[in-house]
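Report on the following structure.
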DNA sequence: GGTCCCCAGTTGTCTAGACAACTGGGGTGT
DNA sequence: ACACCCCAGTTGTCTAGACAACTGGGGACC
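Chains as they are written, first to last, in the numbering used here: chain Y, 1 to 249; chain H, 250 to 498.
This is the structure we're talking about:
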């Protein structure tokens, strides 16, 4: 805390600089679960920012789920096993890196098909039947263990030469962001429970009929335009979802 | 909007009164998905509150997932199918009522057992082996359809005469809150995919081996004390989880 | 010993402003 | 026709303060 000096001329907001610094202290264990974070007053005085800015830094930690506040007492670091599956949109790559695993993908197929051949995707992406979608089918692997099968659909119009440039070792999200300026900021996800079919069982190395998660995700850029539709099947024996629910402000 | 006059002497915060009013307009359809909400400036002027207060009302709608903001453009009502499984801690009863179904429960068993007989629960609730837990096993029903089997464990010390007073037609959460002053404000939930065993299959009226969700939830009161440990099995064919992921502030 | 009260510390709410950054549209100039 | 600029409207960030509400502890009083 004392070591941090803010860059007041940076484009990065002050509250965000403070939030990141506290987050680092939490991640490295310098601030332990159950312990008090510096109070709004203290942050405000020490870093010479207004109390509202200090407060915004602390509140943003609360909305990430890594802290919680109590009136009259203070703001505490929450008990967290793993900081995963919190509210942010994350690619498989980011998710696995956050869990400390090495992510990896095996492409099964990649092709361009008319939207009418992928009806659900076409509808979710608001495409006309004759428009074309890029469809990439991948097995997602974490540390050599196959975790899931994923089919991603993107409108061809948005990234026409994606398949030429796409490097399966890289994160698709990272590429969309860096090459095409497509920044996914929101996603709706539906999770269902199901059983592995023959093909999925073969690809994942589990018996047919094993329990699996079925994810359906539609991703949006700022402005609400849908840019990605993903259906995936993940192993029920190796994958779990954790979620922290809270009283919403 | 014009009709709302704020009660400035109420204990209910102004921003919350505004939030509730906007929420109602959204729910009744007066404000439709995709349409603009009144801007911070407009709310501020019309209701004579400071811009920060108006802003807090709009931000709280965003953190509920029912709206999203875009710099330079405004705050929009989000496309939502159902306002379910958003970030709030909800009991089954509240969840079903929000979905428009009539919730109902059938108690299979209710008893007091030593914590060592419920090892996971004892650990999650930080109990000594000799302390006792109240264990209630219920089938959860929505509109006559059995949806899941749920086992709830609570420390006996917290609500010793619960079993005498408990009315299965009522929400357990509501009762904990009203009778014992136990207000659950946070919960950690783990979701796994599994298969129905023989007993679950019978209770739920599905074939053995059907896909199910396995939920494990630990609930906390303000202060971080764990007060409830729940394991439940829900039908995969009738239940799905929806989640909106977003860029966290 | 116990009860009550007060006080310092903390978060919650609210005000009244300021400037920055971005959007979208209209007008001007080329 | 096109590029550019400017402007009004909007959200994002930030300041400096105020009072309310709650917590926990210590001290005064009985």
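Each residue gets a CB set at the ideal place from its N, CA and C atoms; glycine is no exception.
List the residues of chain H whose Cβ lies closer than 8 Å to the Cβ of residue 251 of chain Y, in chain order. Residue 251 of chain Y lies beyond the residue range present for chain Y, which begins at 1 and ends at 249; the question has no answer from this structure.
If you draw a straight line from the C-alpha of residue 76 of chain Y to the C-alpha of residue 56 of chain Y, how long is it? Rounded to the nearest angstrom, the two C-alpha atoms are 15 Å apart.
Among Y:149, Y:96 and Y:164, which one has its Cα closest to the Cα of residue 134 of chain Y? Taking only the C-alpha atoms, the option nearest residue 134 of chain Y is Y:164.
Can you look up residue 7 of chain Y in the DSSP assignment and give me helix, strand or coil? The DSSP-derived three-state label of residue 7 of chain Y is coil.
Consult DSSP for residue 220 of chain Y and reduce its assignment to one of helix, strand or coil. Reduced to three states, the DSSP call for residue 220 of chain Y is strand.
Cutoff 8 Å; reference residue 454 of chain H; Cβ partners in own chain excluding five residues on either side: Closer than 8 Å at Cβ, skipping near neighbours: 395.
Answer with yes or no whether the minimum CB distance from residue 492 of chain H to chain Y is below 8 Å. Taking CB atoms only, residue 492 of chain H has a neighbour in chain Y less than 8 Å away.
How big is the Cα-Cα spacing for residue 27 of chain Y and residue 481 of chain H? Our two residues, residue 27 of chain Y and residue 481 of chain H, have alpha carbons roughly 31 Å apart in a direct line.
Could you confirm whether any beta carbon from chain H is found closer than 8 Å to the beta carbon of residue 231 of chain Y? Chain H, which has no Cβ nearer than 8 Å to the Cβ of residue 231 of chain Y, makes this no.
Assuming residue 402 of chain H is part of the beta strand (DSSP E), what are its boundary residues? Segment 394–404, the beta strand (DSSP E) holding residue 402 of chain H.
Assigned exposure category for residue 36 of chain Y - 16 Cβ within 10 Å defines buried: It counts as exposed.
Stretch-stretch touch, CB-based, cutoff 8 Å, three pairs: the stretch 481–491 of chain H with the stretch 453–468 of chain H: They touch, by the three-pair rule.
Less than 8 Å between the C-beta atoms of residue 398 of chain H and residue 354 of chain H, yes or no? Not in contact: residue 398 of chain H and residue 354 of chain H (Cβ atoms no closer than 8 Å).
Using only alpha-carbon positions, find the residue among H:303, H:313, H:288 and H:488 that is nearest to residue 320 of chain H. Considering only alpha carbons, the answer is H:288.
C-alpha distance - residue 32 of chain Y paired with residue 25 of chain Y, whole-angstrom precision: Using only the alpha carbons, I get a separation of about 9 Å.
Please state the DSSP three-state secondary structure of residue 388 of chain H. In the three-state reduction of the DSSP assignment, residue 388 of chain H falls in the strand class, which pools E and B.
What does a CB cutoff of less than 6 Å around residue 367 of chain H pick up in its chain, not counting 5 residues either side in sequence? So the qualifying residues of the chain are 382 and 402.
Proximity test, Cβ basis, 8 Å: residue 186 of chain Y and chain H: Closer than 8 Å to some Cβ of chain H, the Cβ of residue 186 of chain Y qualifies, so yes.
For residue 392 of chain H, does the count of other Cβ atoms within 10 angstroms reach 16, so buried, or fall short, so exposed? Residue 392 of chain H is exposed by the Cβ-count criterion.
Where does residue 240 of chain Y sit, in a helix, a strand or coil, going by DSSP? DSSP places residue 240 of chain Y outside both helix and strand once states are collapsed to three, so it counts as coil.
Could you give the distance in angstroms between the alpha-carbon of residue 465 of chain H and the alpha-carbon of residue 477 of chain H? Annotation: residue 465 of chain H to residue 477 of chain H spans about 11 Å, alpha carbon to alpha carbon.
CA-to-CA distance, residue 225 of chain Y to residue 130 of chain Y, given in whole angstroms: Straight-line Cα distance between these residues: approximately 19 Å.
Limits of the beta strand (DSSP E) - the one that residue 433 of chain H falls within: Following the DSSP letters along the chain, one finds residue 433 of chain H inside the beta strand (DSSP E) bounded by residues 433–444.
Residue 441 of chain H versus residue 292 of chain H: straight-line alpha-carbon distance, rounded: Each residue's alpha carbon lies about 44 Å from the other.
On the three-state DSSP scale, how would you describe residue 323 of chain H? It is a strand residue.
Is the CB of residue 145 of chain Y under 8 Å away from at least one CB in chain H? Interface with chain H (8 Å Cβ-Cβ cutoff): residue 145 of chain Y is excluded.
Is the Cβ of residue 460 of chain H closer than 8 Å to any Cβ of chain Y? Closer than 8 Å to some Cβ of chain Y, the Cβ of residue 460 of chain H qualifies, so yes.
Determine the closest residue to residue 94 of chain Y out of Y:125, Y:178, Y:172 and Y:20, with distance taken between C-alpha atoms. Per the C-alpha coordinates, the member of Y:125, Y:178, Y:172 and Y:20 positioned closest to residue 94 of chain Y is Y:172.
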